[in-house]
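In my numbering, each residue carries its 1-based index in the sequence shown increased by 4.
Using N, Cα and C, we set each Cβ at its ideal position, and we do this for glycine too.
Since the structure comes first, as structure tokens, the remarks are kept for the end.
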Amino acid sequence: MATSNTMEVHACAKKCADGPVTHNQAIVDGIKNKELPERRYKRGYDTSHLPEPVRAELKKAEESNPVASMTEAGLTLASIPLVAIAAVYAMGLVGASLPNPAATAAGVAFVYVLAATGIARQMRGLELMVHDASHLAWMRSKPWLNNMLANILVAVPVLSTVEAYWKSHRIHHGSFGSHLDPCRQRFADMGLEHLDLSTRWKIVKAVVAWLPEYNAAYYREIGSQSGRQWAYFAAWHISFMIAPGALLIALVGSTSAVDAIALATLAWVGFWMLPATTVLPVIRSIAESEEHDYAAGETEFDTTYTNDGWAHRLLIHPKNDAYHLVHHMFPNIPERRHRRVHKLLMKHDKRYQASLQRERVLGRA
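Quick look at the structure:
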């Protein structure tokens, strides 16, 4: 019988609370950081003080809706080639309207950077939907179908699978704050707790410095070095991006099949691979660095952030990822309801109102 991912979180959390845990993949890179705590942080929060109608609404928010999840995934995926097509069209307009080569080059580069940033933001959205599916938020009653649908629609396109992602992510929840927590290990390796992030320039320097090691650690943790995962990735993109793109180019441009395939492949490199390997890691590393401050307290509640500034919602934390405290306290609630739950708790819960919250990117609470 299939085991619920969320049940595994609670089981792992209980085991960690009782004492040190031994797990085959507890430390994903095989290295134990002896300076970090042996035991899991306590949760530090419950809902017993809330009015019954609020608790009932929180329970209702846990309901999965596979149609809504698949629709959101499809729209997010479709937005990426649409942005690419719009960018190519805009580049053509820029090239035809600006007076000299230097101005044209600058205009085209500006359009491309905007498009690449928008595409990377949507790719981050796909990654967050993999995260959501790993908690069975798509279809809790049928884990195998939950994982299969999410793999096809959101995981494989970003070089992941729900199953591989969950192997690492379950440890983050179940062993939160301990030496087993891969997120805390990554923060320690980055020296995040000791970085000076008081100005925009210092933030830029910090991100540039931590990015190579962070990016390698992220893809190790989600199993992206697997040959099978790369094969899935290649097959998906050939089938759903390059082949349809080549067909569109052949029909609209009246080009040969070889030229159409070459142009579609070039467009895929420019509008998928380049944003995925340049802009997306920056967005992801900033986003994940904002989720927790392990030195801010001794419980999961006291060390988890809500990032609710305009830049967070617009770019850094799409798909309601900004409300990370809601996710850690209520891991069964799908991310598309996190903002609504955040507002509910801000209205009715004084303890939640006093939790870690910020509006400036990488600012301190």
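- Assignment of R362 by DSSP, reduced to helix, strand and coil, places it in the strand class.
- The residue among H173, M333, P70, R343 with its C-alpha nearest the C-alpha of R144 is P70.
- Under the 10 Å beta carbon count, W170 is surrounded by 16 or more other beta carbons and is classified as buried.
- Annotated three-state conformation of N311 is strand, per DSSP.
- The DSSP-derived three-state label of K146 is coil.
- Its Cα nearest to that of L40, the residue L184 stands out among L184, A109, G178.
- Here K46 carries a strand assignment [DSSP, helix/strand/coil].
- Look at Y298 here: in three-state DSSP terms it is coil, with no helix or strand label.
- For P322, there is no enclosing alpha helix (DSSP H), as DSSP marks it with neither H nor E.
- Note: T303 is bridge-paired with K46 in the DSSP secondary-structure output.
- Judged by DSSP secondary structure, N219 falls within the alpha helix (DSSP H) whose first and last residues are 204–225.
- Of the other Cβ atoms in all chains shown, fewer than 16 fall within 10 Å of the Cβ of G78; this residue is therefore exposed.
- For N219 and L163, the gap between their C-alpha atoms comes out near 13 Å.
- The region 315–331 and the region 113–129 touch, with three or more beta-carbon pairs separated by less than 8 Å.
- Taking every protein chain shown into account, the CB of R341 has 16 or more other CB atoms within 10 angstroms, so this residue is buried.
- Going by C-alpha positions, A221 is about 44 Å away from L102.
- For A65, there is no enclosing alpha helix (DSSP H), as DSSP marks it with neither H nor E.
- Going by C-alpha positions, V112 is about 45 Å away from L348.
- The DSSP-derived three-state label of H53 is coil.
- With contacts defined by Cβ atoms closer than 8 Å, M74 and L153 form a contacting pair.
- Residue environment analysis places P57 among the exposed positions, since fewer than 16 neighbouring C-beta atoms fall within 10 angstroms of its C-beta.
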